[in-house]
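Trainee: So the mapping is simple: the working numbering equals the position in the sequence shown, first residue as 1, plus 7.
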Amino acid sequence: MNAEPGDVFLGIDLGTSSCKVALVDSSGNILAMGVNSYPLSVSGDGMAEQNPEDWWNAVVTGMKDVVKSAGIRKISSIGVTGQWSGTVAVDMNGDPIAPAIVWMDTRGEEIIREISGGFPSISGYRVDKLVRWLRITGGAPAHSGKDSLAHILYMKRFMPEIYERAYTFLEPKDFIVSRLTGKILASWDNVALLWSINNRDSSHVVYDQRLIRMNSLDATKLPDLVSPLSVVGKVKEDVSSITGISREASVISGCGDTQCSLIGVGAVEDNDVHIYLGTSSWVTAHVPYKKTDIFHNIASLPSAIPGKYFIAAEQENACNCLEYVSKLLSIEGRDKYDLIDIECRASPACSNGLLFLPWLFGERAPVENPFLRGGFFNMGLNNTRSDLIRSVMEGVAMNSRWLLGIVEKFMDKKADHVIMAGGGVISTTWSQIYSDVLDRRILVMDNPRYSTVRGAALLSAVGSGFMKITDLRVLREKTMTFDPDPGNTVKYDRLFRQFISYYKNNRSSMREMNSREVRFTPK
Numbered sequence: 008m009n010a011e012p013g014d015v016f017l018g019i020d021l022g023t024s025s026c027k028v029a030l031v032d033s034s035g036n037i038l039a040m041g042v043n044s045y046p047l048s049v050s051g052d053g054m055a056e057q058n059p060e061d062w063w064n065a066v067v068t069g070m071k072d073v074v075k076s077a078g079i080r081k082i083s084s085i086g087v088t089g090q091w092s093g094t095v096a097v098d099m100n101g102d103p104i105a106p107a108i109v110w111m112d113t114r115g116e117e118i119i120r121e122i123s124g125g126f127p128s129i130s131g132y133r134v135d136k137l138v139r140w141l142r143i144t145g146g147a148p149a150h151s152g153k154d155s156l157a158h159i160l161y162m163k164r165f166m167p168e169i170y171e172r173a174y175t176f177l178e179p180k181d182f183i184v185s186r187l188t189g190k191i192l193a194s195w196d197n198v199a200l201l202w203s204i205n206n207r208d209s210s211h212v213v214y215d216q217r218l219i220r221m222n223s224l225d226a227t228k229l230p231d232l233v234s235p236l237s238v239v240g241k242v243k244e245d246v247s248s249i250t251g252i253s254r255e256a257s258v259i260s261g262c263g264d265t266q267c268s269l270i271g272v273g274a275v276e277d278n279d280v281h282i283y284l285g286t287s288s289w290v291t292a293h294v295p296y297k298k299t300d301i302f303h304n305i306a307s308l309p310s311a312i313p314g315k316y317f318i319a320a321e322q323e324n325a326c327n328c329l330e331y332v333s334k335l336l337s338i339e340g341r342d343k344y345d346l347i348d349i350e351c352r353a354s355p356a357c358s359n360g361l362l363f364l365p366w367l368f369g370e371r372a373p374v375e376n377p378f379l380r381g382g383f384f385n386m387g388l389n390n391t392r393s394d395l396i397r398s399v400m401e402g403v404a405m406n407s408r409w410l411l412g413i414v415e416k417f418m419d420k421k422a423d424h425v426i427m428a429g430g431g432v433i434s435t436t437w438s439q440i441y442s443d444v445l446d447r448r449i450l451v452m453d454n455p456r457y458s459t460v461r462g463a464a465l466l467s468a469v470g471s472g473f474m475k476i477t478d479l480r481v482l483r484e485k486t487m488t489f490d491p492d493p494g495n496t497v498k499y500d501r502l503f504r505q506f507i508s509y510y511k512n513n514r515s516s517m518r519e520m521n522s523r524e525v526r527f528t529p530k
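1) Opposite Asn495 in the DSSP bridges: which residues?
2) In whole angstroms, give me the CA-to-CA distance for Thr88 and Asp264.
3) Which partner residues of Leu232 appear in the DSSP bridge assignment?
4) Please list, in chain order, all residues of the same chain as Arg399 whose beta carbon is under 7 Å from its beta carbon, the five residues on each side excluded.
5) To the nearest angstrom, how far is it from the Cα of Lys153 to the Cα of Leu502?
6) With a floor of 3 residues, list each beta strand (DSSP E) that falls wholly inside the stretch 293 to 376, ordered by position along the chain.
7) Check Asp112 in the structure and name its three-state DSSP category.
8) Could you check how far apart the C-beta atoms of Ser515 and Ser84 are, in whole angstroms? I think they sit under 8 Å.
9) Ends of the beta strand (DSSP E) at Ser209?
10) Considering only residues of the same chain and omitting the five flanking positions on each side of Glu524, which have a CB-CB separation below 8 Å?
11) Mind checking which residues open and close the beta strand (DSSP E) that includes His281?
12) Suppose the cutoff is 7 Å on Cβ atoms and the five residues either side in sequence are ignored; what does the same chain contact list for Ser471 look like?
13) If you follow the alpha helix (DSSP H) that Asn406 is in, where does it begin and where does it stop?
14) Taking only the alpha-carbon atoms, compute the straight-line gap between Leu21 and Tyr457 and give it to the nearest angstrom.
15) Taking all protein chains shown into account, do 16 or more other C-beta atoms lie within 10 angstroms of the C-beta of Thr528, making it buried, or fewer, making it exposed?
16) So is Leu17 buried or exposed if we call it buried at 16+ other beta carbons inside 10 Å?
17) Where do the ends of the beta strand (DSSP E) carrying Arg456 lie?
18) With 16 other CB atoms within 10 Å as the buried threshold, where does Ile507 fall?
19) Can you give the Cα-Cα distance for Leu229 and Tyr174, rounded to whole angstroms?
20) Within its chain, find whatever has a CB closer than 7 Å to the CB of Ser358; leave out the 5 residues flanking it on each side and keep chain order.
21) In angstroms, rounded to a whole number, what distance separates the CA positions of Glu244 and Arg254?
22) For the structure I just gave you, are there three or more beta carbon pairs, one from the stretch 414 to 428 and one from the stretch 288 to 296, closer than 8 Å?
23) Give the DSSP-derived three-state secondary structure of Phe489 in the structure shown.
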């Protein structure tokens with residue numbers, strides 16, 4: 008089966024702050040788009056939760072909006088992606104029985120340290136456990152407590168009634184797939200952070216019973232696994248009725264947002280480096296092997312493409328830094344991003360000596376440290392509001408440079424260019440900063456904010472037989488190019504050395520200030 012000009016595919020991207028729904032044709036053109044936001048609840052004890060019903064309402068509204076906008080009811084297939092390392096406890100009907108614990112939640116940190124520790128140890132992991140995790144899964148539970156395993160174990164210990172009532176635990180996008188189809192399943196790439204699956208054959212991933220026992224999980228409460236390209240079923244009748252989408256649409260299992268972003272930018276060949284600049288950020292690429300770098304919290308995990316792995320290297324803080332600082336500076340309104348760009352361009356490279364550290368909510372890679380916090384360094388009376396804004400953009404890019412260097416060592420290959428997407432690179436100024444900081448040619452995708460939802464739609468086209476993975480290379484033709492300014496690159500080389508120095512010199516102080524005993528609760 009080949010895609011024809013009239014074939015349309017629907018993508019759903021369940022983000023941390025909003026849900027994007029898009030209709031996409033076989034050339035990757037976005038025909039209609041709907042975006043709906045929802046709240047996030049956080050507290051000083053490490054809690055980060057969302058209401059799964061808010062997600063579902065945003066999905067339904069988005070689907071209705073795009074069908075109405077495009078006047079298209081017949082959808083060939085539907086793909087779902089979104090935030091992962093989240094946990095939704097559901098009953099046997101797939102309905103949530105508690106708020107969802109999302110990827111930012113660190114309440115399970117102490118439990119993970121308990122189950123992973125012991126003597127003798129390496130970096131806090133008991134050696135025999137670490138060896139088994141690495142050999143079977145390619146990684147190990149993060150001590151930050153942000154993995155799905157930590158969330159489930161936190162519920163088991165501190166929410167026993169919810170744990171006992173739970174039929175199973177789903178990742179956010181798998182919860183949406185169950186609502187669309189009535190089938191309670193999980194794509195095997197999406198449960199990697201349970202650290203209980205055998206990843207040695209990325210074309211056939213299964214649970215490892217010994218790991219399940221070692222991780223103190225209950226095998227009966229884990230969802231059945233399918234390939235990310237599997238057709239789960241058709242759209243349920245009630246969903247068709249409320250959204251206007253034909254019941255003929257096939258729903259595929261889909262994959263997590265990191266994996267899907269690679270698809271959406273056409274980075275389907277090995278070692279095609281992609282940086283996504285959204286609320287959080289990541290540096291990733293497909294590779295043909297399973298590998299782990301425990302010292303920088305990076306591993307290659309099963310990807311959406313059969314037989315391939317993707318490099319999981321996530322930077323926790325990116326556009327959220329700019330959102331936070333711009334709000335503090337009262338840069339708001341519909342045209343705030345234009346104002347931010349104007350402010351940024353009024354400051355020179357290196358922001359008149361001002362350095363921003365972007366670790367507002369800890370960090371996952373290239374160092375896993377939940378106690379890190381951000382801030383402005385070397386501020387003087389000469390610094391302006393423009394310097395503050397530009398410094399934030401530069402600081403986020405500096406952390407990406409740090410991570411890119413580790414990823415390139417992981418691949419044993421230097422990238423001559425980087426494909427970028429995400430809401431952050433809508434700003435041509437930020438895209439140029441990235442090129443200068445990384446000293447790499449930057450290719451920015453057409454409609455960069457929607458690359459992941461486009462990837463979800465096109466992955467569904469592949470899974471339902473309308474397209475082939477190799478057809479997605481054409482997406483790389485739709486890019487804008489940014490080349491590094493040699494003068495700025497020299498300046499940023501010097502600033503990057505200070506960036507690393509500030510981390511090394513202040514990490515112990517941050518740990519002392521942000522340990523649970525003294526952590527301040529936000530208002």
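Even glycine gets a Cβ: it sits at the ideal position worked out from N, Cα and C.
Computed from a predicted structure; not experimentally measured.
Mentor: From the atom records:
1) Taking the sequence shown and counting its residues from 1, one reaches residue 495 at position 488. Beta-bridge pairing links Asn495 to no other residue.
2) Stepping through the sequence shown from its first residue, residue 88 is reached at position 81. Stepping through the sequence shown from its first residue, residue 264 is reached at position 257. Going by the C-alpha atoms only, they are around 5 Å apart.
3) Counting from 1 along the sequence shown, the entry for residue 232 is found at position 225. Leu232 is bridged to Ala193.
4) In the sequence shown, residue 399 corresponds to position 392, counting from 1. Here residue 399 is Val; the residue named in the question, Arg, does not match the sequence. Within the same chain, Val399 has close Cβ partners Cys328, Leu329, Val332, Phe363.
5) Start at 1 with the first residue of the sequence shown, and residue 153 comes out as number 146. Start at 1 with the first residue of the sequence shown, and residue 502 comes out as number 495. Looking at the two C-alpha atoms, the distance is approximately 30 Å.
6) 305 to 309, 316 to 319, 362 to 364
7) Taking the sequence shown and counting its residues from 1, the one referred to as residue 112 is at position 105. If DSSP states are grouped into helix, strand and coil, Asp112 belongs with coil.
8) Counting from 1 along the sequence shown, the entry for residue 515 is found at position 508. Counting from 1 along the sequence shown, the entry for residue 84 is found at position 77. Rounded, the Cβ-Cβ distance is 52 Å, inconsistent with contact.
9) Against the sequence shown, residue 209 aligns to sequence position 202. Per DSSP, Ser209 belongs to no beta strand (DSSP E) and is neither H nor E.
10) Within the sequence shown, numbered from 1, the residue matching residue 524 stands at position 517. Note that Glu524 scores 47 on pLDDT, short of 50, meaning its location in the model is unreliable; the coordinates nonetheless yield the value given after this. Closer than 8 Å at Cβ, skipping near neighbours: no residue.
11) The residue labelled residue 281 in the question sits at position 274 within the sequence shown. Here the beta strand (DSSP E) through His281 covers 281 to 284.
12) Counting from one through the sequence shown, the residue named residue 471 turns up at place 464. Same-chain partners within the cutoff: Ser83, Ser84, Val238, Ser257, Ile259.
13) In the sequence shown, residue 406 corresponds to position 399, counting from 1. Its alpha helix (DSSP H) spans residues 392 to 418.
14) For the purposes of this step, residue 21 is taken as the residue at position 14 of the sequence shown. For the purposes of this step, residue 457 is taken as the residue at position 450 of the sequence shown. Each residue's Cα considered, the two are about 12 Å apart.
15) The sequence position of residue 528 within the sequence shown is 521, counting from 1. With a pLDDT of 42 at Thr528, under the threshold of 50, the modelled position of this residue cannot be trusted; read the value that follows with caution. Exposed is the call here.
16) Looking up residue 17 in the sequence shown gives position 10. Per the 10 Å Cβ criterion, buried.
17) Working through the sequence shown from its first residue, we reach residue 456 at position 449. Neither: Arg456 is in no beta strand (DSSP E) and is coded neither H nor E.
18) Within the sequence shown, residue 507 is the residue found at index 500, counting from 1. Label assigned to Ile507: exposed.
19) The residue you call residue 229 lines up with position 222 of the sequence shown. The residue you call residue 174 lines up with position 167 of the sequence shown. Each residue's alpha carbon lies about 8 Å from the other.
20) For the purposes of this step, residue 358 is taken as residue 351 along the sequence shown, with counting starting at 1. Closer than 7 Å at the Cβ level, and outside the excluded window around Ser358, lie Asp394, Arg397, Ser398, Glu401.
21) On the sequence shown, residue 244 is found 237 positions in, with the first residue counted as 1. On the sequence shown, residue 254 is found 247 positions in, with the first residue counted as 1. Glu244 and Arg254: Cα-Cα distance of roughly 7 Å.
22) yes
23) Translated into positions along the sequence shown, residue 489 becomes position 482. Correct three-state label for Phe489: strand.
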